[in-house]
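Below you'll find the structure, written out as structure tokens, and then a few comments.
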Amino acid sequence: MREESVSVEIGGCHQDDARIVFDTLRACYASDRTAADVPQRLHETRPAVWLGTFEVAETHTCPPPAHLSATVEADAQGGYWAIDRLRTTLDSLFTVRDLTTSSGDQERELHVLLGNK
Numbered sequence: 000m001r002e003e004s005v006s007v008e009i010g011g012c013h014q015d016d017a018r019i020v021f022d023t024l025r026a027c028y029a030s031d032r033t034a035a036d037v038p039q040r041l042h043e044t045r046p047a048v049w050l051g052t053f054e055v056a057e058t059h060t061c062p063p064p065a066h067l068s069a070t071v072e073a074d075a076q077g078g079y080w081a082i083d084r085l086r087t088t089l090d091s092l093f094t095v096r097d098l099t100t101s102s103g104d105q106e107r108e109l110h111v112l113l114g115n116k
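So that you can map any letter, position 28 of the sequence shown is 27 in numbering that gives the first Met the number 0, and since no number is skipped, the others follow by simple counting.
Following this line, the structure appears as structure tokens:
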């Protein structure tokens, strides 16, 4: 089986919503994040950004996510196949609105807004 990882960056939201997205993706895919990796806001006025890497080659059963209090901006970077796989998973769990995408020779970037289904 091939390894296909995607880096996911979440920002512009409350840390509880970031945790919901990361916990949901961690249930679907192997990740460098553990259940103990709880997003924290370390400064009141500076924006917070949280990162995680997910191995999307093998999908586990994805439970429905908890309710988000607001929309969540997510950026993902990875190979074409990996980004397509992640996008399919996101579509099955959240409402997804494309903000921007960009493609290079071997990598693709996806910038989306996630909301409740």
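Each residue gets a CB set at the ideal place from its N, CA and C atoms; glycine is no exception.
On the criterion of 16 or more Cβ atoms from any shown chain inside 10 Å, does residue 49 qualify as buried, or is it exposed?
Classification of residue 49: buried, given that the 10 Å Cβ count is 16 or more.
Who are residue 36's beta bridge partners in DSSP?
Paired residue(s): none; residue 36 is not in a bridge.
With 16 other CB atoms within 10 Å as the buried threshold, where does residue 51 fall?
It counts as buried.
Which of the three DSSP states, helix, strand or coil, is assigned to residue 93?
Here residue 93 sits in coil by DSSP.
How is residue 111 classed by DSSP in three states: helix, strand or coil?
Residue 111 falls in the strand class under three-state DSSP.
Which residues in the same chain have their Cβ closer than 8 Å to the Cβ of residue 100, if we skip the five residues on either side of it in sequence?
Cβ within range, chain order: 107, 108, 109, 110.
Are residue 66 and residue 28 closer than 8 Å when you measure CB to CB?
Contact flag unset, no.
From this set, 84, 71, 77, which residue's C-alpha is nearest residue 98's C-alpha?
Checking every option, the nearest Cα to that of residue 98 belongs to 71.
When the distance is taken between beta carbons, is residue 115 closer than 8 Å to residue 87?
Not closer than 8 Å, so no.
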